[in-house]
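My numbering puts the first residue of the sequence shown at 25, with every later residue one more than the last. Below: the structure, in structure tokens.
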Amino acid sequence: MDRAAALVEAIASRAGPRLPELEWHEAIGSTSDRLKDLARSGAPEWTAILAERQTGGRGREGRTWQSPPGGLYLSVLLRPGAGPVSLLPLATGVAVAEAVAEFGVAGELKWPNDVLVSGRKLAGILAEASSASAGVEWVVLGIGVNVALDPGSLPAELRAGVTSLHAEGAREASTVGVAAAVLARLGVWYDAVREAPSRVVAAWRERAVPWWGSLVDVRMGGAVLCGRLVGIDDDGALVIELSDGARRRLVSGEVSSVRASGPEPEDRSRHRGERA
Ligand code: BTN
Numbered sequence: 025m026d027r028a029a030a031l032v033e034a035i036a037s038r039a040g041p042r043l044p045e046l047e048w049h050e051a052i053g054s055t056s057d058r059l060k061d062l063a064r065s066g067a068p069e070w071t072a073i074l075a076e077r078q079t080g081g082r083g084r085e086g087r088t089w090q091s092p093p094g095g096l097y098l099s100v101l102l103r104p105g106a107g108p109v110s111l112l113p114l115a116t117g118v119a120v121a122e123a124v125a126e127f128g129v130a131g132e133l134k135w136p137n138d139v140l141v142s143g144r145k146l147a148g149i150l151a152e153a154s155s156a157s158a159g160v161e162w163v164v165l166g167i168g169v170n171v172a173l174d175p176g177s178l179p180a181e182l183r184a185g186v187t188s189l190h191a192e193g194a195r196e197a198s199t200v201g202v203a204a205a206v207l208a209r210l211g212v213w214y215d216a217v218r219e220a221p222s223r224v225v226a227a228w229r230e231r232a233v234p235w236w237g238s239l240v241d242v243r244m245g246g247a248v249l250c251g252r253l254v255g256i257d258d259d260g261a262l263v264i265e266l267s268d269g270a271r272r273r274l275v276s277g278e279v280s281s282v283r284a285s286g287p288e289p290e291d292r293s294r295h296r297g298e299r300a
């Protein structure tokens, strides 16, 4: 059996019947780009793409996702139809946090679905969807987990903000083992999105970084909104309170610059010349 077939078998034995097709690549531009092409040509739900490295890995908010060997690069296709999808990104975060917990690593969730350990990024999730009149045509969940990443293989400016399962002591973790755990937990939480959405929100809150009440910046494209973090609502949107007491509900963005105390929040929807 070749390496790809062995990987497929190991993952399928854990993920069960929900894995109609798993494609493995030693190197690819982006597993999500490949899967979006397959989605458009009718690939079935739970089709998954796994790669040892990516040459054009993409992150949230238009960022690059550095993808050297030692990381898990996995994309999964879902077809929720008319079912609810707003909680899917949060449910995926919970699934990934539970998967890494199987290896003894306690990840915390930063909205919407970054997995952090002591403030350092262990995993990121990119959810992309296409809608039609009948509902959501497909969702591609792109999941990157730093399993055995050598920090030296990342650009110097990223190293301090990144961790890996091996760096956190889970030296037995393999990309295949983590992929199998992620797919198995994702199955459970995908069902919960449809059958028990309040459980998804509760599970996410339980694992959230304890930033509630702190002042944060939320970057949305080039604009930055500053406010006090209130929580997430039942649809998974982030709620922040501005200096005038008004509450804003955000469905996308990047939360950063947490300050336990400081000046009162202001709505400074201004543009920063930050690099994506
Ligand atoms: C983030 O910015 O935190 C999300 C990162 C998502 C990276 C994964 S790796 C597998 C899939 N393919 C991509 O190009 N991106 C996602």
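Every residue gets a Cβ at the ideal spot worked out from N, C-alpha and C, and that includes glycine.
Neighbourhood of residue i by C-beta, 6 Å cutoff - its chain only, sequence neighbours within 5 removed
i: GLY211; result: ARG42
i: PRO175; result: ARG183
i: ARG294; result: Per-residue confidence for ARG294 stands at a pLDDT of 35, beneath the threshold of 50, marking its modelled position as unreliable; no derived number is given.
i: VAL275; result: ALA261
i: VAL152; result: The identity of residue 152 in the sequence shown is Glu, whereas the question assumes Val. So the qualifying residues of the chain are VAL164.
i: GLY128; result: ALA194
i: PRO113; result: PRO136, ASN137 and ALA151
i: LEU13; result: With the chain covering only 25 through 300, there is no way to say anything about residue 13.
i: SER177; result: PRO92
i: VAL263; result: VAL254, GLY255, ASP257, ARG271 and ARG273
Cut-off 7 Å between Cβ atoms - residues of its own chain near residue i, not counting five sequence neighbours on either side
i: PRO44; result: PRO68, TRP70 and THR71
i: ALA203; result: ILE35, LEU74, LEU96 and LEU98
i: ARG296; result: Summary for ARG296: the model assigns pLDDT 28, below 50, so the residue's position carries little reliability; its value from the coordinates is reported in the next sentence. Closer than 7 Å at Cβ, skipping near neighbours: GLY246 and VAL248.
i: LEU140; result: GLY131, GLU132, LYS134, LEU146 and VAL233
i: LEU150; result: SER56, ARG82, GLY83, ARG84 and GLY166
i: ALA123; result: VAL202, ALA205, VAL206 and ARG209
i: SER65; result: none
CB-CB length for residue i against residue j, believed under 8 Å
i: GLY117; j: LEU133; result: 5 Å
i: GLU278; j: ARG84; result: 7 Å
i: VAL163; j: PRO221; result: That pair is no contact at about 16 Å.
i: PRO179; j: GLY260; result: With a Cβ gap of about 31 Å, PRO179 and GLY260 do not count as contacting.
i: THR187; j: LYS145; result: 7 Å
i: ALA121; j: ARG231; result: 5 Å
i: LEU207; j: VAL100; result: 7 Å
i: TRP48; j: GLY168; result: Rounded, the Cβ-Cβ distance is 16 Å, inconsistent with contact.
i: PRO205; j: GLU76; result: Checking the sequence, you will find Ala at residue 205 rather than Pro. Not confirmed; about 18 Å, so no contact.
Any chain C beta carbon closer than 8 Å to residue i
i: ILE264; result: Of the protein chains in the structure, only one exists, and it is not chain C.
Residue i classed as buried or exposed, judged by whether at least 16 other C-beta atoms fall within 10 angstroms
i: ASP257; result: exposed
i: ARG273; result: exposed
i: ASP268; result: exposed
i: GLY143; result: exposed
i: ARG209; result: buried
i: TRP213; result: buried
i: SER91; result: buried
i: GLU50; result: exposed
i: ALA226; result: exposed
i: ASP311; result: Nothing can be reported for residue 311: it is not among the residues displayed for the chain, which extend from 25 to 300.
i: GLY148; result: buried
i: GLU192; result: buried
i: ALA63; result: buried
i: ALA115; result: buried
i: ALA29; result: exposed
i: ALA119; result: buried
i: ALA300; result: A caution first: ALA300 carries a pLDDT of 26, below 50, which makes its placement in the model too unreliable to give a value.
Beta-carbon proximity list for residue i, same chain, < 8 Å, skipping 5 on both sides
i: ARG223; result: ALA216
i: ARG218; result: PRO104, GLY107 and PRO108
i: VAL171; result: GLY94, GLY95, LEU96, SER188, LEU189, HIS190, ALA197, SER198, THR199 and VAL202
i: ALA158; result: GLY105 and ALA106
i: ARG229; result: GLY255 and ILE256
i: SER155; result: GLU161
i: TRP20; result: This structure leaves residue 20 out entirely; the chain is present only between 25 and 300.
Ligand 3 heavy atom lying under 7 Å from the CB of residue i
i: GLY81; result: What this structure holds is ligand 1, not ligand 3.
Is the segment 50 to 63 in contact with the segment 29 to 37, if contact means three or more CB pairs nearer than 8 Å? With fewer than three CB-CB distances shorter than 8 Å, the segment 50 to 63 does not count as touching the segment 29 to 37.
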